[in-house]
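As numbered in this note's numbering, residues 609 to 917 make up the sequence shown, in order. Beta carbons: idealized from backbone N, C-alpha and C, even for Gly. None of the values given here were measured: they were computed from a predicted structure.
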Amino acid sequence: DCSSDLSPIPGFVGKAPDSSSPTPLPPASSSPRKMDPKAKELFKKASQKNNVSSVKKFLEQNSYLVDQRDVEYRTILHRACQNHDLDLISYLVQNHQKIIDAKDTGGWTCFHFFIDGFKSNAQKIPREVYEFVQTQCTAEVKHGGRGAAAAVLQNKSGIFAGQVQAADKQGMTPLMHMCRIFKKAEGTSEEDEEQHQQHDEREEDDDDDDEEEAKANTKRYRHEDILELLVANYKQKIFEHNVLGETAIAIAQRRGEAALLALMKFVIKYGLDSDLAEIQRSSVPRARQEEKKEEGQVVKRGQCGCSIS
């Protein structure tokens with residue numbers, strides 16, 4: 609990750625909150641050396657994009673392999689999500705619902721993997737991939753069912769809607785991961801930014817003209833667009849901390865200036881800047897109290913600088 613020389617933003621980096629040890633996941637079903645040869649073949653097929661027919665045929669002959677895990681406890685659906693293989697994702701969620709809510713050893717959901725998949729593409733994100741994330745971020749989360757599996761029957765398109773704000777074992781949400789991998793599209797100029805903004809304005813006009821629709825179809829989506837979808841979904845929850853006491857803003861700042869500026873643009877756009885200011889104001893007195901407390905403590909030290917009890 610890129611480092612930043614920017615001064616830390618008050619209120620967004622702190623001590624890790626107290627938490628009990630997370631419940632360990634079941635051990636991986638097998639290691640790569642011991643994995644069923646057919647399972648290895650299945651994971652290999654699932655890693656190849658536009659190969660859904662081959663995966664489907666393989667699973668029809670070996671249905672017991674669908675919930676096979678690798679050494680990191682990942683499923684073939686996790687693999688499909690990371691590759692943004694929408695055809696394979698669609699097939700798996702419709703026919704093998706039991707793996708939709710699966711998490712790996714780090715607590716990553718399918719949507720965590722989908723967001724992490726953007727790290728390999730910051731330049732031109734396909735429209736269908738952008739719209740898939742948009743659907744998850746705007747779909748209503750169904751309650752009273754059995755997780756995402758129940759949502760298959762109620763809302764097929766928003767299958768991962770309940771995972772959009774989920775935190776992994778490190779308290780990292782998909783938004784935090786997006787800030788972690790954020791990259792400004794290479795060669796982005798002021799002219800590109802202006803054209804991108806014009807596309808947005810045309811979409812807001814809801815013009816049904818065929819020419820406008822054709823232009824929208826050629827729009828180039830970027831990390832910034834995915835980030836906005838997540839911020840709009842999270843709202844005040846963007847200020848939540850992971851286990852290291854970091855918020856999405858702190859992670860974006862650590863990633864670099866481009867990530868921080870993009871995130872703060874949407875904080876302002878969605879009216880979250882007042883919450884940001886309040887958090888910063890409340891953090892200053894706490895910081896001063898901690899400083900006074902430390903100043904009041906007299907610590908004896910040896911010549912090497914070590915404390916002496």
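Name the DSSP beta bridge partners of residue i, please?
i	result
tyrosine 829	Ile733
Cα-Cα, which of the options is closest to residue i?
i	options	result
glutamine 690	Ile876, Ile707, Ala654	Ala654
phenylalanine 790	Phe847, Ala856, Ile846, Thr743	Ala856
glycine 725	Val741, Lys711, Gly714, Thr713	Val741
isoleucine 733	Lys827, Asp881, Tyr842, Lys777	Lys827
lysine 706	Ala867, Asp644, Val674, Glu739	Val674
asparagine 850	Lys843, Arg830, Gly779, Arg677	Gly779
arginine 735	Lys652, His692, Ala866	His692
lysine 727	Gln744, Pro782, Lys652	Pro782
glutamate 649	Phe666, Asp833, Ile876	Phe666
valine 663	Leu700, His686, Arg682, Arg677	Leu700
glutamate 794	Thr746, Ile876, Ala730	Ala730
asparagine 670	Ala647, Asp678, Cys718	Ala647
glutamine 656	Arg677, Met643, Arg687	Arg687
alanine 747	Val737, Leu884, Asn841, Lys877	Asn841
methionine 643	Gln676, Ser882, Ser661	Gln676
leucine 884	Val839, Tyr829, Phe847, His720	Phe847
histidine 785	Leu838, Cys745, Asp678	Leu838
tryptophan 716	Val660, Lys777, Leu685, Glu739	Lys777
serine 661	Ile834, Phe651, Asp695, Thr713	Asp695
tyrosine 829	Met872, Lys873, Lys792, Glu668	Lys792
alanine 867	Gly853, Glu836, Leu852	Glu836
phenylalanine 874	Cys787, Gly853, Glu854	Cys787
What three-state label does DSSP hand residue i in the structure shown?
i	result
glutamate 794	coil
glutamate 919	Outside the modelled stretch of the chain, which goes from 609 to 917, sits residue 919, for which no answer is possible.
glutamate 865	helix
glutamate 854	strand
threonine 781	coil
glutamate 836	helix
glycine 714	coil
methionine 872	helix
asparagine 670	coil
valine 660	helix
glutamate 748	coil
arginine 682	coil
glutamine 773	coil
aspartate 675	coil
serine 655	coil
phenylalanine 768	coil
isoleucine 708	coil
tyrosine 842	helix
tyrosine 878	coil
asparagine 703	helix
methionine 786	helix
histidine 936	The question about residue 936 has no answer here: the residues shown for the chain are numbered 609 through 917.
aspartate 724	helix
aspartate 883	helix
Quick check on residue i: buried or exposed, where buried means 16 or more other Cβ atoms within 10 Å of its Cβ?
i	result
glycine 918	No information on residue 918 is available, as it lies outside the stretch 609 to 917 that the chain covers here.
isoleucine 708	buried
glutamine 702	exposed
leucine 869	exposed
tyrosine 672	exposed
glutamine 844	exposed
lysine 711	buried
glutamate 680	exposed
asparagine 658	exposed
glutamate 927	This structure does not reach residue 927, given that the chain is present from 609 up to 917, and the question cannot be answered.
isoleucine 723	buried
aspartate 678	buried
isoleucine 876	exposed
Give a yes or no on contact between the region 858 to 873 and the region 766 to 778, applying the rule of three or more CB pairs nearer than 8 Å. No contact exists between the region 858 to 873 and the region 766 to 778.
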